[in-house]
Amino acid sequence: FLDKVEISGFHFQREFMRPFEVAMGSRESTAERKELILNIISHLIQARGHHIMSGWGSVLSIICMGAGYPDPLSSLAYTILEGIVVKHNALCIENLADTVKALVAFGKNNLSLERSLGAISCMV
Numbered sequence: 008f009l010d011k012v013e014i015s016g017f018h019f020q021r022e023f024m025r026p027f028e029v030a031m032g033s034r035e036s037t038a039e040r041k042e043l044i045l046n047i048i049s050h051l052i053q054a055r056g057h058h059i060m061s062g063w064g065s066v067l068s069i070i071c072m073g074a075g076y077p078d079p080l081s082s083l084a085y086t087i088l089e090g091i092v093v094k095h096n097a098l099c100i101e102n103l104a105d106t107v108k109a110l111v112a113f114g115k116n117n118l119s120l121e122r123s124l125g126a127i128s129c130m131v
């Protein structure tokens with residue numbers, strides 16, 4: 008589904024990513040399931056990141072949720088976000104509100120000072 012260009016006005020990618028978003032935010036999901044979701048998102052970005060269009064909002068929302076969990080989830084989510092900021096900078100600008108929301112989530116994270124400072128430096 009990521010190999011095809013998404014038609015303007017359609018949001019199939021966002022709808023496809025929605026179950027991942029729901030599962031990531033669910034209290035019933037185990038840490039292992041959330042880690043699997045983050046790994047799936049990471050692989051999607053690495054393999055087909057240049058084809059993601061309407062799905063970026065969901066991707067960034069999932070990463071934002073990952074900031075609120077203890078390691079290794081928070082660390083994995085931050086690594087994914089760093090990769091997005093570096094490799095897909097233009098898409099971060101197109102999805103600025105969602106990108107800033109994810110960076111702020113890591114910026115106010117008390118679990119890792121290094122991650123917090125890194126997220127803040129990305130915003131500056």
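Here the sequence shown is numbered in the working numbering, starting from 8 and rising by one per residue. Here a beta-carbon is modelled for each residue, glycine too, at the ideal position from N, C-alpha and C.
Problem - Closest residue to Ile-87 among Ala-109, Met-24, Ala-104 and Phe-19 (Cα-Cα distance) - result: It is Ala-109.
Handout entry: Neighbour flag for Thr-106 against chain B, beta carbons, 9 Å
Key = Reference to chain B is not applicable here, since this structure consists of a single protein chain.
Handout entry: Gln-105 - DSSP class collapsed to helix/strand/coil
Key = For the record, residue 105 in the displayed sequence is Asp; it is not Gln. Under the three-state reduction of DSSP, Asp-105 is assigned to helix.
Practice task
Please classify Pro-26: does DSSP put it in a helix, a strand, or coil?
Solution key: Reduced to three states, the DSSP call for Pro-26 is helix.
Practice task
Count the other C-beta atoms from every protein chain shown that fall within 10 angstroms of the C-beta of Asn-96, then say buried if there are 16 or more, exposed otherwise.
Solution key: Exposed.
Practice task
Compute the Euclidean distance between the alpha carbons of Phe-8 and Glu-22, then round it to the nearest angstrom.
Solution key: Summary for Phe-8: the model assigns pLDDT 49, below 50, so the residue's position carries little reliability; its value from the coordinates is reported in the next sentence. If you draw a straight line from the Cα of Phe-8 to the Cα of Glu-22, it is about 12 Å long.
Practice task
Would you mind stating whether Ile-52 and Met-31 have Cβ atoms separated by less than 9 Å?
Solution key: No. Outside cutoff.
Exercise for the section: Verify whether the separation of the beta carbon atoms of Ser-68 and Asn-116 is less than 9 Å. Expected result: The answer is no: Cβ separation not under 9 Å.
Handout entry: Whole-angstrom distance between Phe-19 and Ala-74, CA atom to CA atom
Key = Taking the CA atoms as reference points, Ala-74 sits about 26 Å from Phe-19.
Problem - For Val-111 and Tyr-76, the rounded distance between their alpha carbons - result: Rounded to the nearest angstrom, the gap between the Cα atoms of Tyr-76 and Val-111 is 14 Å.
Practice task
Pull up the distance between the alpha-carbon of Val-92 and that of Ser-119, whole angstroms please.
Solution key: A direct Cα-to-Cα measurement between Val-92 and Ser-119 gives close to 19 Å.
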